[in-house]
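Novice:
Residue numbers (our numbering), protein chains in the order written: chain A, 1116 to 1386; chain B, -18 to 268.
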């Protein structure tokens, strides 16, 4: 009697949890699939399902020079911001990861704070400071602003990779007579490299996608891709944007697949 | 361990390596925020007259307070939806084999790395008058005229929940992975049903993950102004857009600065409440 009751009870629990989980996973994945399907429409509207399929909007994309220009700017800024984030972030991670001092913990909180503070407020603040000291907005101010909001990802992933490093490895290397620099190059760096790459990847993606900082720190001549797309969407619902979204979704899937191979990205973000 | 001089300890590096980033943050992050605060304490746009006029204006203006209130409420609604939908994903993750685990993680991860504009655009396509929901309901004969889904609170909440879901799910997966599976069996063999075991054992033990997820989701949801403005449309105004309008369109920098500071403080207050809860919950479930 009680066994039967418990089974029914257990089944009801598992059923409810599984159904909600599947619905949630569908909600997560559906928007990307919908955009991909709509981007192949042969019609002029974003009607779903599309009346027919064609590659016309991808062909249209080929000639959209405004979008090309914006994409190039976004790519250049993201590459510079990622490079700067890695240089500054990895060094800082080495310093704070194994230190339990108060200053190390305070620095850690400081370096992580751009993740929770509203980026728009930071963008405005940076613009005010730059105009106060007479530095005009330019690609340089963009790179600086993006680096502030992207460096936390590099610091966090590098610190996590360093935390898994066995201290005995470093001690044995030192006992065997290796210098600190040699140990760093031959032992530490190879072991934390996947962590650094994962952090750099997330930093790059978040810079490429950044709107709030770019809104304030770009000059009129520097159009950025997500801002261009946002403004296009505010005005008219253009199917070209669907094709561009399709390209971005496919590129993201491809990059994530590569990163999963190189760095084990999924395990890294859940441990 | 603290007694050994840092230079002798081969397993750690000097704090000097943090100096470049610390300096960079001091100049380009701390200084701008201080400057923002300084400007917010001025009554005129030129920044000559000290005063609390901007804050008084905000705190006595029903419109401004309404924007702040609806922003904080929006964050709470999105966080609740993410928790209810995200927890079962994390639960399912712990019950399936490694192959399915990787698939679940990648499904959760993809939106996090896909452009926010693209994800928001998708919701415009789904929620629009000719969108997938209206088209389906109309072809099924449930409704005659299209429902208004875009530019509504419901639309903004569901779109934001999807956009921020990874921030909730990833910490939950980590937290559930740390729970000893024997506890589950022990509870069941002692006669507690699955539901009871879930609410009395699994949920309390995963509280650190719940709180971490809620903090990240809440902070992201109230600051996500692309999704707010595109799905919410012109009628719904939230703090980020309010700030942007004052700063960019109206060029009222001191008031925009005051909005920023109030918004920053609101975010910090929520984060510190969650952090305190997190510390308490670790004492509770960390045995």
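Built from N, CA and C at the ideal position, the CB exists for glycine as well.
#1: Does the count of Cβ pairs from the stretch 57 to 72 of chain B and the stretch 142 to 152 of chain B closer than 8 Å reach three?
#2: Could you check whether residue 1354(A) and residue 1180(A) sit closer than 7 Å to each other, using their CB atoms as the reference points?
#3: If you measure beta-carbon to beta-carbon, which residues of the stretch 1170 to 1181 of chain A are closer than 7 Å to chain B?
#4: What's the call for residue 23(B), buried or exposed, on a 16-neighbour Cβ count within 10 Å?
#5: In angstroms with no decimal places, state the Cα-to-Cα distance between residue 252(B) and residue 1235(A).
#6: I'd like the list of long-range same chain contacts for residue 131(B), defined as Cβ closer than 6 Å, with 5 residues on each side in sequence excluded.
#7: Taking a cut of 9 Å between CB atoms, which residues from the stretch 85 to 107 of chain B lie near chain A?
#8: Verify the CB distance criterion: does residue 251(B) have a CB-CB separation below 7 Å to chain A?
#9: Would you verify that the beta carbon of residue 1124(A) is, or is not, closer than 7 Å to some beta carbon of chain B?
#10: Which class does residue 126(B) belong to by DSSP, given the choice of helix, strand or coil?
#11: Would you check if the distance between the CB atom of residue 219(B) and the CB atom of residue 209(B) is smaller than 7 Å?
#12: Is the Cβ of residue 1139(A) closer than 7 Å to any Cβ of chain B?
#13: DSSP three-state call for residue 30(B): helix, strand or coil?
#14: Below 7 Å between beta carbons: does that hold for residue -2(B) and residue 1206(A)?
#15: Comparing alpha-carbon positions, which option in 1186(A), 1374(A) and 1262(A) lies nearest residue 1197(A)?
#16: Check the Cβ of residue 1367(A) against every Cβ in chain B and list those closer than 8 Å, keeping chain order.
#17: Which of the three DSSP states is assigned to residue 1156(A) in this structure?
#18: Which chain B residues are close to residue 1189(A), counting only those with a beta carbon under 9 Å from its beta carbon?
#19: Rounded to whole angstroms, what's the CA-CA distance from residue 1381(A) to residue 1312(A)? Just pull it up for me.
#20: Measure the C-alpha to C-alpha separation of residue 30(B) and residue 100(B) and round it to an integer number of angstroms.
#21: Tell me the DSSP bridge mates of residue 23(B)?
#22: Does the beta-carbon of residue 1262(A), which I'm using as the reference point, lie nearer than 6 Å to any heavy atom of the ligand GDP?
#23: When burial is assigned at 16 or more other CB atoms within 10 Å of the CB, is residue -12(B) buried or exposed?
#24: I'd like the ranges of any alpha helix (DSSP H) spanning at least 4 consecutive residues and lying wholly in the stretch 112 to 194 of chain B.
#25: Tell me whether the beta-carbon of residue 1158(A) lies closer than 7 Å to the beta-carbon of residue 1165(A).
#26: Decide if residue 113(B) is buried, meaning its Cβ has at least 16 other Cβ atoms within 10 Å, or exposed.
#27: Quick one: give me the first and last residue of the alpha helix (DSSP H) that residue 47(B) is part of.
#28: In the structure shown, what three-state DSSP assignment does residue 223(B) receive?
#29: Distance, Cα to Cα, residue 83(B) vs residue 1384(A)?
#30: Between which two residues does the alpha helix (DSSP H) harbouring residue 1270(A) extend?
#31: From this set, 241(B), 211(B) and 9(B), which residue's C-alpha is nearest residue 1246(A)'s C-alpha?
#32: Determine the direct distance from the alpha carbon of residue 1208(A) to that of residue 12(B), and round the result to whole angstroms.
#33: Are the beta-carbon atoms belonging to residue 198(B) and residue 255(B) less than 7 Å from one another?
#34: So, helix, strand or coil for residue 36(B), using DSSP?
#35: Using only the alpha-carbon positions, how far apart do residue 21(B) and residue 211(B) sit?
#36: Drop a sphere of 10 angstroms on the beta-carbon of residue 163(B), count the other beta-carbons inside from all chains shown, and report buried for 16 or more, exposed for fewer.
Specialist: Let me spell this out:
#1: Touching, yes.
#2: It is not a contact, given that the beta carbons lie outside the stated cut-off.
#3: When CB distances to chain B are screened at a threshold of 7 Å, not a single residue of the stretch 1170 to 1181 of chain A falls below it.
#4: Per the 10 Å Cβ criterion, buried.
#5: Taking the straight line from one Cα to the other gives about 18 Å.
#6: Here the set comprises 108 and 109.
#7: Along the stretch 85 to 107 of chain B, the positions whose C-beta sits under 9 Å from a C-beta of chain A are 85, 86, 87, 88, 89, 90, 91, 92, 93, 94, 95, 96, 97, 98, 99, 100, 101, 102, 103, 104, 105, 106 and 107, read in chain order.
#8: Chain A contact via Cβ: absent.
#9: Closer than 7 Å to some Cβ of chain B, the Cβ of residue 1124(A) qualifies, so yes.
#10: Of the three classes helix, strand and coil, the one that applies to residue 126(B) here is coil, per DSSP.
#11: The criterion of a C-beta distance shorter than 7 Å is satisfied by residue 219(B) and residue 209(B).
#12: Yes, its Cβ sits closer than 7 Å to a Cβ of chain B.
#13: Reduced to three states, the DSSP call for residue 30(B) is coil.
#14: Cβ atoms of residue -2(B) and residue 1206(A): closer than 7 Å.
#15: For the residues 1186(A), 1374(A) and 1262(A), the minimum Cα distance to residue 1197(A) belongs to 1262(A).
#16: Neighbours of residue 1367(A) on chain B, chain order: 91, 94, 95 and 96.
#17: Residue 1156(A) falls in the strand class under three-state DSSP.
#18: Those within 9 Å of residue 1189(A) in chain B number zero; the least Cβ separation is about 10 Å.
#19: Going by the C-alpha atoms only, they are around 13 Å apart.
#20: Between residue 30(B) and residue 100(B), the alpha-carbon positions lie close to 44 Å from each other.
#21: The partner list for residue 23(B) (beta bridge, DSSP) reads 31(B).
#22: Ligands displayed in this structure: none; no statement on the ligand GDP is therefore possible.
#23: Reliability fails at residue -12(B), whose pLDDT of 43 lies under 50, so the model's placement of it is uncertain and no value is given.
#24: You should have 113 to 120, 134 to 158, 162 to 170 and 175 to 178.
#25: Contact: yes.
#26: That one is buried.
#27: In this chain, the alpha helix (DSSP H) harbouring residue 47(B) covers 43 to 74.
#28: Note: residue 223(B) maps to helix in three-state DSSP.
#29: CA-CA distance, residue 83(B) to residue 1384(A), rounds to 12 Å.
#30: Its alpha helix (DSSP H) spans residues 1254 to 1278.
#31: Looking at the Cα atoms, 9(B) is the closest of the given residues.
#32: For residue 12(B) and residue 1208(A), the distance between alpha carbons rounds to 22 Å.
#33: No.
#34: Here residue 36(B) sits in helix by DSSP.
#35: Their Cα atoms are separated by approximately 29 Å.
#36: With fewer than 16 Cβ atoms within 10 Å of its Cβ, residue 163(B) is classed as exposed.
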